[in-house]
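A quick write-up on the structure given underneath.
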Amino acid sequence: MTVNPGETRMDIDQNENEIDEGLYSRQLYVLGHDAMKKMGCAHVLIVGLKGLGVEIAKNVVLAGVKTVTLYDPQLVEISDLSAQFFLTSEDVGKSRAEVTRPRLAELNQYVPVSVLEGDLTTEKLKKFKVVVLTESTLERQLEINDYTHGHDIHFISADVRGLFGTVFCDFGKNFIVNDTTGENPLSGMIAMVSKDKESVVTCLDESRHGLEDGDYVTFKEIKGMEELNSCEPRKIKVLGPYTFSIGDTSAFNDYIKGGIFTQVKMPKALDFKSLRDSLENPEYLISDFAKFDRPPQLHVGFQALDAFSSKNSGALPRPRNKDDASQVLLLAKDISTKLKESVELDEKLITELAYQAQGYLSPMCALLGGIVAQEALKSLTGKFHPVYQHLYFDSLESLPQSVTLTEESCKPTNSRYDGQIAVFGLQFQKKIANTRQFLVGAGAIGCEMLKNWGMMGLGTGAEGVIHLTDMDTIEKSNLNRQFLFRPSDVGHLKSETATNAIVKMNPDIAGKVIPHQDRIGVETENIYNDDFFENLDGVTNALDNVDTRKYMDRRCVFFRKPLLESGTLGTKGNTQVVIPFLTESYSSSQDPPEKSIPICTLKNFPNAIEHTIQWSRDLFEGLFKQQPENANLYLSQPNYIDQVLKQTGNQKEILEGLHNCLVTHKALFFEDCVAWARLQFEEYYHNTILQLLYNFPKDSVTSSGAPFWSGPKRAPDAIKFDPHNSLHLDFVMTAANLRAYMFGLKGETDREVVRNIASKIEVPPFTPKQGVKIQVQENENVSQSTDQTELENIIKALPAPSSLAGFRLSAIEFEKDDDTNFHIDFITAASNLRAQNYGITIANRHQTKFIAGKIIPAIATTTALVTGLVCLELYKLIDGRSQLEDFKNGFINLALPFFGFSEPIAAPKFKYHDTEFTLWDRFDVEGDITLQELINHFKENHNLEITMVSSGVSMLYSFFMPKKKLDERLPMKLSKLVVAVSKKPLPAHVGSLVMEICVNDRDGEDVEVPYVRVRIRE
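Under numbering that gives the first Met the number 0, the letters of the sequence shown match residues 0 to 1017, in that order.
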């Protein structure tokens, strides 16, 4: 639909229009409008534009600050191309800042990007809210920070040296953090509040409060003890999962009933030390609890590198050069003696830091770039807890073990990969180049992953290749975090666009990235077949849905290929390594199912805005998708009515929907659509509510004598339609325009026109229905037998399909991201009207879209960090590691900030006879043998008696089958047997049959065994 909703948005949203919600929608659900507005007023300076600096700049530009200014007077060198994705070989010898500026500016039309000319003096810092330094000497860092610390300018410095990274933050004195966690405030309904010196709040038994000691809460809707409704936030002490204390309420009135508590996020003030003070007395944020002793070591080590560089005219230690490393170690020992708390140095660690000092890795830049950019945004907004104050990270475990690293193997080769060769050596670089990977998805994670791989030179060798698949096209909302795409790419295929973009970044990869546009699933196994998977070294998922993740996981287990899995949710991210014969698979563990809302709550007793939004989403589906679809089936299928009558439960609903669309409210003009919408308003927000109150008056009591309308049940009030009420008109206007689209009619966006039509509609008075049963509790059966005569009367009143030959309705598929189609506007209006029925605080369009659209919040910073972690694990896979302790699963939350790592979980072991096996094991049988031969094979070779064989949903054999059927099946070839039983032909691409077997061991006991793969074709 292309109709402009015009004024139909609620007045509540008018002050938010300066933010481009189409572009920033996923980020808004992480940061919120207030934080976005603060960012939109802030000027950011980024110093140093090698790999780390450009990563930070890219993320900050995508986030949407006021302006970004770049400073880097250095000229491009060939080694810069190891991680600086906006540089090309043609840029060598040109100014890094000048070359990078226009390419950064393409990322976001709302963020001007400029270059700071001349020397970087403190006088030029005054206009900036935050200054980020990379590639800067310690002397320069101290000079800049001495100024910023005293002038309310936030300061961040960061560096990457091979597999080592460092971040320092100074946001000055009394920096206020408004939201330390980023989690939504907790809320719950109250059952009781005691009146005493240490008042106890008891919540309803159906849900835990989830609060912690020291949290603050406010109250509303309490009857009796109304004083609490107007109190300042109260500090609580947790007494149990359903109770907490709030202090003295002895002077208040007695509690009667009701009430809702809401957690309040209290501001937190932080005092940051300057860099100069922090060098001698540092505060560390632990980035890896398995390496909790590393930060003090690296704090000294990075200072020693700077001291070495100062003594050697700015040069860093040469790769794997023992003399240079020895000098760094001596300097580190001298520095450690000057700290307030002495550090016992790990000489091997400091030596390795010196060896890698000239190394520059794209994954490390992505990882640190995500962290630093988020810290810059925190400094501008006060949203989320900042790094306090030093963060040191290393991934030494990513160093290869399959090659010997020497000064000779790590010396520069005058190539774009020199930054990586300095760490891993030339021989390992060739292994990277000859890797064959399958990247599934070209969205946010896919774009970042492909960028990292391009910088790494992955797949660029003679034997290397990258297969990339994504069936989606680019949408505007993708541009905020899928940085390979530009506004001109909207509507184009993601896989092809991403491929073209990465080839521009590294021409070496031209022809080595093969884009696909096929959905991953059973239906494309003819494309992604046995040959395809067997020619891969591994698979990397960049997916946004669990079902496809599980499917790819099954394929990787079957073909015994390693899988790198990752995902993000706002500031949270996770990575998982799945290694054949070593770890559990992705599907071995899963999140608990999403909690559903009981039907009775949705239909009759909502008590939260989530309930009314879900109700409205269901209403949209029923009115604008299911009804027209049913009408089209009726008009096109001769036996449709017979099929409906065979169903149970909703025959009347379907038939009444047909009658509504084709008889009583068949629309010929837009005015008909307005009349229908006005009657829908009356039905849902007036008549249905009065019917509910007729069944259960507000003074009703239960069989035990307790008030019926208590606890989670809120007594509703009917709404009288007012054409001058903005919300009432929103519902009629959006519903009428959607109805018009169904009937192929032109819509209307003039509110006055719609108002005038709606005002003249005659609405029948409400008459309560007798004997209508209301669903009061979950799982209650409210189905009532519909009189067959009633159904027959509805059917008789339907027009004959032949009388409407060629007539069809347009069913509407819900689309959340098109702001011109009325979908979210209708759901917002419908939900807020129902919320008013029940006295629930309404939600604006932005909040409604998030819940109704089930939008996954996303930001570029988390994505960059997660892909960096994945690539650090990819190095290990390329190295051929085979020990569980070599790998790490990652769990991060940039809001806290928290970084957690753990060994992958080992694959569970099972046993039959004396043989152990895991999910990675199977029985391989060569050749298209008969069923009898299969049974004999297991008896003779494994001492196992097969009692049952199945393939998919087809049962091929069981010991209790009738003899005649057994005699038919036992001599049949397995391929023929599968076809005969399933009654489906075997696709030509299928080279193997997968079979599950039940067996008895040598003692006649039923035992679990692996599945069977029968290779029927080469």
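We put the beta carbon where it would ideally sit given N, CA and C, even for glycine.
C-beta neighbour in chain D for residue i, strict 9 angstroms
i, result
"LYS290", "Absent here is chain D; the protein component of the structure consists of one chain."
Residues near residue i by beta carbon distance below 7 angstroms, same chain, minus five either side
i, result
"THR1", "Bear in mind that a pLDDT of 36 at THR1, under 50, signals an unreliable position, so the number given afterwards is only what the model happens to contain. THR819, listed in sequence order."
"ASP10", "Confidence is the limiting factor: at ASP10 the pLDDT is only 35, short of 50, which leaves the residue's position unreliable, though a coordinate-based value still follows. Counting only Cβ-Cβ distances below 7 angstroms, and skipping sequence neighbours, we find SER725."
"THR600", "HIS610"
"ARG473", "Reading off the sequence, residue 473 comes out as Ile, not Arg. Here the set comprises PHE484, ASP488, VAL489, GLY490, HIS491, LYS493 and THR496."
"THR498", "LEU467, VAL512 and PRO514"
Residue i: first and last residue of the uninterrupted alpha helix (DSSP H) it sits in
i, result
"VAL753", "750-758"
"LEU27", "20-38"
"VAL298", "With the sequence shown as reference, residue 298 is identified as His, and Val is not the correct amino acid for it. Per DSSP, HIS298 belongs to the alpha helix (DSSP H) from 293-310."
"ILE794", "787-796"
"ASP333", "321-335"
"GLN650", "650-658"
"GLY710", "Premise fails: GLY710 is in no alpha helix (DSSP H) and is neither H nor E."
Residues near residue i in its chain [Cβ-Cβ closer than 6 angstroms; skip 5 each side]
i, result
"GLU6", "Confidence is the limiting factor: at GLU6 the pLDDT is only 36, short of 50, which leaves the residue's position unreliable and the question unanswerable from this model."
"MET121", "In the sequence as presented, Met is not what sits at residue 121; that position holds Thr. Only TYR146 meet the Cβ criterion."
"GLY889", "THR574, LEU868 and PHE900"
"GLN13", "Confidence at GLN13 is low in this model, with a pLDDT of 33, below 50, so its placement is unreliable and the value that follows should be read with caution. Nothing meets the Cβ criterion."
"GLY424", "VAL402, LEU404, SER408 and CYS409"
"ASP270", "LYS172"
"ARG317", "ASP323"
"LYS219", "ASN228 and ILE259"
"ALA859", "ASN58, LEU61 and ARG480"
"MET741", "PRO627, LEU808 and SER809"
Residue range of the beta strand (DSSP E) that includes residue i
i, result
"LYS571", "571-577"
"LYS219", "215-219"
"GLY153", "Per the sequence shown, residue 153 should be read as His rather than Gly. Per DSSP, HIS153 belongs to the beta strand (DSSP E) from 153-160."
"TYR740", "Element bounds for TYR740: not the beta strand (DSSP E) but the alpha helix (DSSP H), 725-741."
"LEU227", "Looking at the DSSP string, LEU227 is not in any beta strand (DSSP E), and its letter there is neither H nor E."
"THR133", "129-133"
"ILE259", "259-263"
Nearest neighbour of residue i, chosen from the options [CA to CA]
i, options, result
"PRO896", "GLN481, ILE508 and LYS377", "LYS377"
"SER802", "PRO711, ASN736 and LEU661", "LEU661"
"ASN71", "GLU89, VAL46 and LEU51", "It should be pointed out that residue 71 corresponds to Asp in this sequence rather than to Asn. The candidate whose alpha carbon is nearest that of ASP71 is VAL46."
"ILE928", "ARG968, ILE794 and ALA799", "ARG968"
"MET363", "GLN882, THR827, GLY164 and ASP118", "GLY164"
"ALA441", "GLN355, HIS389 and ALA541", "ALA541"
"VAL521", "SER88, GLY951 and SER309", "GLY951"
"GLN690", "GLN642, LYS602 and SER325", "LYS602"
Close-in-space but distant-in-sequence residues of the same chain around residue i (CB under 8 angstroms, 5 per side omitted)
i, result
"ASN16", "Residue placement at ASN16 is poorly supported in this model, since its pLDDT is 47, which falls under 50; the coordinates still yield a value, given next. Around ASN16: no qualifying Cβ."
"HIS685", "ALA717, ILE718, LYS719, PHE720 and PHE765"
"GLN296", "VAL342, LEU344, ASP345, LEU348 and ILE349"
"LYS815", "HIS822, ILE823, LYS848, ALA851, GLY852 and ILE854"
"LEU132", "VAL46, GLY47, ARG139, GLN140, ILE143, PHE154, ILE155, SER156 and ALA157"
"ASN606", "MET188, THR600, PRO711, LYS712, ARG713, TYR837 and ILE839"
Integer-rounded CB distance, given that residue j should sit under 8 angstroms from residue i
i, j, result
"PHE886", "ASP287", "Between ASP287 and PHE886 the Cβ distance is about 14 angstroms, and since that is not below 8 angstroms, they are no contact."
"GLY458", "VAL464", "5 angstroms"
"ASN479", "TYR23", "6 angstroms"
"GLN262", "SER186", "7 angstroms"
"LEU992", "SER974", "7 angstroms"
Contact test: residue i Cβ vs the ligand HEM heavy atom, cutoff 8 angstroms
i, result
"ASP617", "For the ligand HEM, the structure offers nothing, since it holds no ligand at all."
Buried or exposed (CB count within 10 angstroms, at least 16 for buried), residue i
i, result
"GLU1004", "exposed"
"CYS367", "The sequence as given places Leu at residue 367; Cys does not occur at that position. LEU367 should be labelled buried."
"CYS446", "buried"
"LEU568", "exposed"
"CYS40", "exposed"
"SER584", "buried"
"PHE1026", "A query on residue 1026 cannot be resolved here, the shown segment of the chain reaching from 0 to 1017 and no further."
"ASP212", "exposed"
"PRO266", "exposed"
"ASN3", "Only weak support exists for where ASN3 lies, its pLDDT of 36 falling under 50; the coordinates are left without a value."
"VAL298", "At residue 298 the sequence reads His, which differs from the Val that was named. Buried: at least 16 other Cβ atoms inside 10 Å."
"THR914", "exposed"
"VAL1011", "buried"
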